[in-house]
Amino acid sequence: MRTINACAVLLLLLLVPHAALADCHVRVNDRIVLYGTTDDPDVFVWDSRFRLRDYEGGTFDQMKALLPHATLVRPGTRAMVESCVPGFVQSKYVQQPDDAVGIVIIAGPLRGQRGWVLGSAVRELRPSRQQKPVVLGASRPGSRKFRTRAR
Numbered sequence: 003m004r005t006i007n008a009c010a011v012l013l014l015l016l017l018v019p020h021a022a023l024a025d026c027h028v029r030v031n032d033r034i035v036l037y038g039t040t041d042d043p044d045v046f047v048w049d050s051r052f053r054l055r056d057y058e059g060g061t062f063d064q065m066k067a068l069l070p071h072a073t074l075v076r077p078g079t080r081a082m083v084e085s086c087v088p089g090f091v092q093s094k095y096v097q098q099p100d101d102a103v104g105i106v107i108i109a110g111p112l113r114g115q116r117g118w119v120l121g122s123a124v125r126e127l128r129p130s131r132q133q134k135p136v137v138l139g140a141s142r143p144g145s146r147k148f149r150t151r152a153r
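Residue numbers (the numbering used here): 3 to 153.
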């Protein structure tokens, strides 16, 4: 009997949709850039993830009432991820649920502001390739400074 119960539980776990098991595509402390869609690249930063969810799934009147709780930021705004809730936001226009990403803005006039954005508005900030710094006038072993007097 226990074997049958264990098999039933295992079967249920395998039938759970993969979206429910999916993690966020960003991690805490990731540095990111905010960018909306190509048609509208500005991004709303919301004061709570619940208002973000209500805005995405709401009627026109609900959306209009929620707008005072959002700050419109320019595309390319740099931020850092503080938290992420996978599949939290269900838009009425997109079938797949989206992540709610908690951020803190790290550059620009809104630096230090915290809020929530859609996971689809987040782009990973790739670290620039490290190049050796060029130091002008640096001494080299063959230069006059390093020559020793053998006399």
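Glycine residues also receive a C-beta, built at the ideal position from the N, C-alpha and C atoms.
- The DSSP-derived three-state label of Arg76 is coil.
- For Phe62 and Arg76, the gap between their C-alpha atoms comes out near 23 Å.
- One Cα belongs to Gly60, the other to Lys94, and the distance between them is close to 8 Å.
- Burial check for Leu74: the Cβ neighbour count within 10 Å stays below 16, so the residue is exposed.
- Annotation: the continuous alpha helix (DSSP H) that includes Asp56 extends over 51-59.
- Leu69 counts as exposed, since fewer than 16 other beta carbons sit within 10 angstroms of its beta carbon.
- Excluding five sequence positions before and after Gly104, the CB atoms of its chain that fall closer than 6 Å to its own CB belong to Glu84, Ser85, Trp118, given in chain order.
- Secondary structure of Pro88 (DSSP, three-state): strand.
- In this structure, Ala72 and Phe46 form a Cβ contact; the two beta carbons are roughly 4 Å apart against a cut-off of 8 Å.
- A residue is called buried once 16 or more other Cβ atoms fall within 10 Å of its Cβ, and Asp41, having fewer, is exposed.
- Val28 and Asp49 have their C-alpha atoms some 20 Å from each other.
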